[in-house]
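Chemist: So that we are looking at the same thing, I have put the structure below in structure tokens.
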Amino acid sequence: MTIKHTSKFRQKVLSFLLGLSLLFNVLAPVTTVLADTLPTYTIDYYAVRDGFPYQHGGELSLYTETHPLDYACVNDGSTAVTGPVGYVFSYWSSDEAGLNVVSWDQNYIPDTHENASYYAHFTQMAQRTIKVKPVSLWKEYDGILFQPNSYEVVEGSFDPWDDVWFDDMGIYYDGLGANVGTYQTYILGGLELAGGDAWKYRLEFLPGELTITKRLATITVDDKTQIYGDPDQMFSFSSDGFLGGEAPAPTDYRMSRIPGRNVDTYDINIFSNGTYTNDNYDIQLVPGTLQITPRPVQIIANDASKVYGDTDPSFTLETRNFLNGEAPTPADYRVTRPSAGTEEAVGIYGGSLVVTNIGGFSNRNYDISLISGTFEIMPRPEYRVDFDLNYAGAPANPGSQPVNINAPYGALPVPDHRFGYTFAGWTTERWGGAEVTTYTIVTNTGNHTLYAQWILDTYRITYRPGTHGTFGQEEYHVIYGSLTPEFNNGQTPTGQFGYTFAGWDNPISNFVTQNADYTAQWVPATYQIQYDLDGGTNSTNNPSTYTFGVGVPDFEPATKDGHIFLGWFDGNDQEVTAIANTETGDQKLYAHFKLDQTRIEAEPIVRTILKNTTYTWQHTHHTAVLYDEDGIAVDAELWAIIDGKVYDADDLAELPEGVHQVTFTNVNPTLRFAPYSRLLARAGVREVTAETTATIIAEEAKPAPITIRYVDQGGKELKTSLVLTGKIGDTVASSAPMIAGYELISLSRQVNTVVTDKAQTFTFVYKATVQ
């Protein structure tokens, strides 16, 4: 077996492939054993990648075969033809450029029985992309830097029969975060593909995500408890879930509770002051509660006692710890002694005074304790009371009688009559002291004396204020026969504002012989009213005085020629329409007027007519205008009267020669029952009139000229007009003249007319003749 290499191709390929560094797998040469001495031929095989020869293992040719002439197959498959790593066989050709294809079979080329060179063409295989990225990670914020530590394949895979794997011994990452947020992570290096088939694949690195979520934290208001009526405590809160040193300060949040003071549970809400900001936390605000509990209070039956045999006293109670104004009233609770009638012996009975709710008092704000009291029954003592008549020369005293403590004195003696005096009762002191009657309870714990009290026989003189007096009732006590005392030392009694003292209801006696009452009498005050008329005249119905309590309900207006009454006014320029019945003092009223500009202005007219004719008249020819009281023109309908006949704006009248009196009015005279010539004021309507004249002058008629014109069809003057005159009634005639170059086309060649006071014009019309 002979293996030969063709130096010609070696040199050619070597010069072309300088600088390339890729290595190809060594293709083991396929050898063929030739039989004995048969003629042989040599075939060289070359590798061509992407149209260019490649050097492999220092040799240009893949291998060389020598065959006997009868060898039926070149490269019969005993040795596979392989190409460079990453490339796949495409076809065989007999030329380097690949234009003469000889076989598409990788292991078979037809036998040519001659020396030949063949080129195996290879094309690059497409690499499969494997996409990897750092594993996406999530965690809750914990304040510690966080970095990825693993990767994952997100797209692509290895074929199971390929010899390929990940070599990640030196992998390292980039991208880390500590605060809440989403961070990009990267594989910066150290991750490669290993194995014989690694060349079939390529790695593509994608970024991953590192997500740090908010940490759940709570701020919880601390629950509080307090007794009803106590002031609110200082509110506080507790925080949970915050990392060390990151919890909010007490000043970062404020707390307030739902309003209320009664026993109940109230939410304590919490609000941020806006001073604490940390986006790493999801903060939940948890309200707390304020529990207001009932206030412990007591209703206590006060201890009581009585003397044996007496009736029970009125029992009392005491309340403790209630807030101001909220304690029950005596109508709500009562103290009773249920054992009355069974426990009547002298002794001390603890708890026998019981507090009972009788008024339905209920207040959930209080925890009420009812506390019973002690009742004591004491032995009954007995004392002696003496009676002293209490004046010199008195007969023997009435003696004495026994009395018991806490019991009424009982019947007391009545002394005999003392001349000039009246017995006034018994007292505990000789002069003054407390009065003692049959029903007075004995409180003196020993023997004691009661003293008779006497008063001189006197009579009462009383001065009363009556209905309108302002003084207090005065009483005088004088002995019979004394002079009657004057009221307040002779002073005049004082009364209510607006009233005058008119004496006493009864004559006052000179001497006192009996009790007497005198009541003051009063009459309403009368005041003057003055009027300042400002040149006007007052109404006779206006009073000159008024009486307190009556007043003046209204005033009649004053009048003044050419003026309008505006009202009555006081000295402060305030309008006065009445004097109240409570008013006092003299009054002065001022009449206010303003100039009355109400009028109708109508212009006189002068018209000229012909003798023996009339003038067609309308009252609008006078341009009459009505003005109101302020001189402002008013759009109003007016009527005119001439010779007793009424005309409105649309009526016409034929007036002959002469001067006619015209009366204008703003009130329709046809609605009157009085003659038109007498325009009287109407109730509720302000009537205004004006007088003017319509003068009609008659003149004799004057003759007017007669004009004869000569024109062409276009109206052009062909000849100077002829003007004829005469006396009214004269007959005038004129013929149409001949005008050179024109012919007359008027219907008549002759004008016949009469001279009147009206101007007349006649026209002869010509047309041009054709020359």
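Residue numbering for the sequence shown follows our numbering, beginning at 2 and increasing consecutively. Glycine included, C-beta positions come from ideal geometry on N, C-alpha and C.
(1) Three-state secondary structure (DSSP) at residue 354?
(2) I'd like to know if the segment 252 to 272 and the segment 310 to 329 are in contact, where contact means that at least 3 CB-CB pairs between them fall below 8 angstroms.
(3) In its own chain, which residues sit with a C-beta less than 8 angstroms from the C-beta of residue 722, not counting the 5 before and 5 after it?
(4) Quick one: which unbroken beta strand (DSSP E) runs of 3-plus residues sit fully inside the segment 594 to 631? Chain order, please.
(5) Among the residues of its own chain, which have a CB less than 8 angstroms from the CB of residue 434, if the five just before and after it don't count?
(6) I need the straight-line Cα distance from residue 605 to residue 619, nearest angstrom please.
(7) Report all residues from its chain with a CB closer than 8 angstroms to the CB of residue 148; omit the five preceding and five following residues, and keep chain order.
(8) Among 264, 245, 409, whose alpha-carbon lies nearest the alpha-carbon of residue 384?
(9) Tell me whether the beta-carbon of residue 456 lies closer than 8 angstroms to the beta-carbon of residue 425.
(10) Under 8 angstroms, with one C-beta from each stretch per pair, do the segment 477 to 484 and the segment 501 to 520 reach the 3-pair mark?
(11) So, at 8 angstroms on beta carbons, what are the nonlocal neighbours of residue 240 in its own chain, with the 5 sequence-adjacent residues on each side left out?
(12) Who are the near neighbours of residue 568 in its chain, counting only those whose CB is closer than 7 angstroms to its CB and skipping five residues on each side?
(13) Which value, in whole angstroms, describes the spacing of the CA atoms of residue 22 and residue 195?
(14) Can you give me the C-alpha to C-alpha distance between residue 763 and residue 704, rounded to a whole angstrom?
(15) At which residue ranges does the segment 431 to 517 contain complete beta strand (DSSP E) runs of 3 or more residues, listed in the order of the chain?
(16) Can we say the segment 609 to 625 touches the segment 543 to 563, given the rule of at least three CB pairs closer than 8 angstroms?
(17) Check whether the segment 301 to 315 and the segment 278 to 293 are in contact - that is, three or more C-beta pairs closer than 8 angstroms.
(18) Take every Cβ of the segment 158 to 173, pair it with every Cβ of the segment 88 to 101, and state whether three or more of those distances are shorter than 8 angstroms.
(19) Hey, quick one: how far does the beta strand (DSSP E) through residue 249 stretch, first residue to last?
(20) Measure the alpha-carbon distance for residue 87 versus residue 137 and round it to whole angstroms.
(21) Whether or not the segment 115 to 135 and the segment 199 to 211 are in contact is what I'm after, with contact meaning three or more pairs of Cβ atoms, one per stretch, closer than 8 angstroms; do they touch?
(22) Use the C-beta contact count for residue 236: other C-beta atoms within 10 angstroms, 16 or more gives buried, fewer gives exposed.
(23) Where residue 162 and residue 105 are concerned, what is the direct C-alpha to C-alpha distance, given to the nearest angstrom?
(24) Going by the beta-carbon positions, is the gap between residue 337 and residue 355 smaller than 8 angstroms?
(25) Could you check which residue in 598, 150, 339 has the C-alpha nearest to that of residue 632?
(26) Residues in its own chain within less than 6 angstroms of residue 416 by CB, not counting five upstream and five downstream?
(27) Ignore the nearest five residues each way along the sequence and tell me which others in residue 117's own chain have a CB closer than 6 angstroms to its CB.
(28) Taking the Cβ atom as the reference point for each residue, do residue 543 and residue 532 lie within a distance shorter than 8 angstroms?
(29) Keeping to the same chain, check which residues put their C-beta closer than 7 angstroms to that of residue 586; ignore five residues upstream and five downstream.
(30) Can you give me the Cβ contacts of residue 560 inside the same chain, cut-off strictly under 7 angstroms, excluding the 5 residues immediately before and after it?
(31) In the DSSP assignment, what residue or residues form a beta bridge with residue 147?
(32) With a floor of 3 residues, list each beta strand (DSSP E) that falls wholly inside the segment 290 to 314, ordered by position along the chain.
(33) Give me whichever residues DSSP pairs with residue 751 in a beta bridge.
(34) Just tell me which of 398, 672, 285, 358 has its CA closest to the CA of residue 388.
(35) Helix, strand or coil: how does DSSP classify residue 162 here?
(36) With DSSP as the reference, label residue 17 as helix, strand or coil.
Modeler: Reading it off the structure:
(1) DSSP places residue 354 in strand when its eight states are reduced to three.
(2) Not touching, per the Cβ criterion.
(3) Once the five neighbours on either side are set aside, the close Cβ partners of residue 722 are 708, 709, 710, 711.
(4) Counting only runs of 3 or more, we get 600 to 602, 606 to 611, 616 to 618, 626 to 628.
(5) Cβ-Cβ distances below 8 angstroms link residue 434 to 428, 452 in the same chain, with the five nearest sequence neighbours on each side left out; the list follows chain order.
(6) The straight-line gap from Cα to Cα measures roughly 12 angstroms.
(7) Its chain contains 174, 176, 177, 186, 211 as the residues whose beta carbon lies nearer than 8 angstroms to that of residue 148, once the 5 sequence neighbours on both sides are disregarded; these appear in chain order.
(8) Of the candidates 264, 245, 409, 409 places its Cα closest to the Cα of residue 384.
(9) Contact flag set, yes.
(10) The count of Cβ pairs closer than 8 angstroms, one atom from the segment 477 to 484 and one from the segment 501 to 520, reaches three, so the stretches are in contact.
(11) 218, 219, 220, 221, 248, 249, listed in sequence order.
(12) Its chain contains 576, 593 as the residues whose beta carbon lies nearer than 7 angstroms to that of residue 568, once the 5 sequence neighbours on both sides are disregarded; these appear in chain order.
(13) Low local confidence applies: a pLDDT of 30 at residue 22 is under 50, so the model's placement there is unreliable, with the coordinate-based value given in what follows. Each residue's CA atom was taken as its position, placing residue 22 and residue 195 some 20 angstroms apart.
(14) Those two C-alpha atoms are separated by around 17 angstroms.
(15) With a minimum length of 3 residues, the continuous beta strand (DSSP E) runs that stay inside the segment 431 to 517 are 449 to 457, 459 to 465, 475 to 480, 500 to 505.
(16) Taking 8 angstroms as the limit for Cβ pairs, the verdict is that the segment 543 to 563 does not touch the segment 609 to 625.
(17) Between the segment 301 to 315 and the segment 278 to 293, the count of C-beta pairs closer than 8 angstroms stays below three; the two stretches do not touch.
(18) Flag = no, the segment 158 to 173 and the segment 88 to 101 do not touch.
(19) From DSSP, residue 249 is part of no beta strand (DSSP E); its letter is neither H nor E.
(20) Roughly 34 angstroms between the two C-alpha positions.
(21) Contact between the segment 199 to 211 and the segment 115 to 135 is present: three or more C-beta pairs spanning the two stretches fall below 8 angstroms.
(22) Buried is the label assigned to residue 236, since at least 16 other Cβ atoms lie within 10 Å of its Cβ.
(23) Taking the straight line from one Cα to the other gives about 26 angstroms.
(24) Yes. Within cutoff.
(25) Nearest option by C-alpha distance: 598.
(26) When the five nearest sequence neighbours on each side are left out, the beta carbons in the same chain lying within less than 6 angstroms of the beta carbon of residue 416 are those of 390, 424, 453, in order along the chain.
(27) Closer than 6 angstroms at Cβ, skipping near neighbours: 44.
(28) Yes. Within cutoff.
(29) Correct list, in chain order: 528.
(30) Within the same chain, residue 560 has close Cβ partners 537, 538, 566.
(31) The partner list for residue 147 (beta bridge, DSSP) reads 178.
(32) Complete beta strand (DSSP E) runs here, min 3: 296 to 302, 305 to 308.
(33) Residue pairing by DSSP puts residue 751 in a beta bridge opposite 736.
(34) Cα-wise, what sits closest to residue 388 is 398.
(35) Correct three-state label for residue 162: coil.
(36) Low confidence applies here, because residue 17 scores a pLDDT of 36, under 50, leaving its location unreliable; read the following figure in that light. Helix at residue 17.
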